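The structure under discussion appears below in the form of structure tokens.
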Amino acid sequence: MDMGLIRQMLGLPELLDVPNALVIEPHPDDNEVGAGATVKLLTDRNIPVAYLTVTDGRLGSDDPGMTPEEMIRIRMGERQRVNQLLGVQNSYNLGFEDGGDWTESVLMQVLVPLIRQFRPALVMTVDPWTPYEAHPDHVKTGRAVASSLIYCSNGIYLKGQGEPWTVPQVAFYGSAYPNTYVDVTETWATKLEAMKTHTSQFDNADWDLFSGFLTAEAERLYREHLDAVQNGYAEAFKVLSTRQLHFFPEAYKS
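If you read the sequence shown in this note's numbering, its first letter stands for residue 337, the second for the next number, and so on.
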């Protein structure tokens, strides 16, 4: 079923018209890579955006001389500076070990009470079902978020840990099956600046190649899905009603 029809039937607002959003990332830079320009559009509209970062980012360097403690400190500082740049006022790190052996189930037990506390109208996170996604932190985070969206409305699951809350919709970034394209032309430069502020990750010889690829892809998405004549940039998402996260085999076609 077409997502536009589902949105109409359920009375779901467009992504940029939600009253608030909770954006959940595996590592301290993933939200910027996948959705930084859209986040900036939301905050520019005075829409409250909260960040949850699952891991501590301790593996964010290939330098064998870098200690985990120092890497964590560096990445926490980068996260704070980027939050200010993007207008994200509430940001929390859950402290799971980057590359650790934590499970989706354990993460769910942390996420569900937090979702109930924040009561978001929209949750954004990484798409764990993208083919060839091999990073376990990305897969576990995306799947745990999706599962949490099912259980956070269940009055029996983690009873007493927050009032049950139904999140109407979820937007997966980094998806191979996008169905929603956001015009981020006016905030694209800020996205790149935010990414570059994660100096430990992007201030290197690969930056020109990586940023060039992202920019070319954003131009292609804009041209193919928003405006074939004008120049611009777009970010892509797989947006689903949370009702489509269970027993809805046609969801990948929506």
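We treat Cβ as the ideally placed atom computed from N, Cα and C, and that holds for glycine.
This structure is a prediction, so every number in the text was calculated from the model and none was measured.
8 Å or more divides the Cβ of residue 503 from the Cβ of residue 575. The beta carbon of residue 532 is closer than 6 Å to those of 538 in its chain, skipping five residues each way along the sequence. Under DSSP, residue 519 forms a beta bridge with 570. Residue pairing by DSSP places residue 361 opposite 389 in a beta bridge.
Distance from the CA atom of residue 545 to the CA atom of residue 414, rounded to whole angstroms, is 22 Å.
About 18 Å separates the beta carbons of residue 561 and residue 588, which is beyond the 8 Å limit, so they are not a contact pair. Following the DSSP letters along the chain, one finds residue 371 inside the alpha helix (DSSP H) bounded by residues 366-380.
The beta-carbon separation of residue 388 and residue 360, rounded to 5 Å, stays under the 8 Å limit for a contact.
The residues 385 and 387, in chain order, have a CB closer than 6 Å to that of residue 424 in the same chain once the five nearest residues on each side in sequence are set aside. By the C-beta density criterion, residue 367 is buried, having at least 16 other C-beta atoms within 10 angstroms. Linking residue 473 to residue 434 through their CA atoms gives a straight-line distance of about 7 Å.
Nearest in C-alpha terms to residue 526, of all of 373, 383 and 462, is 373.
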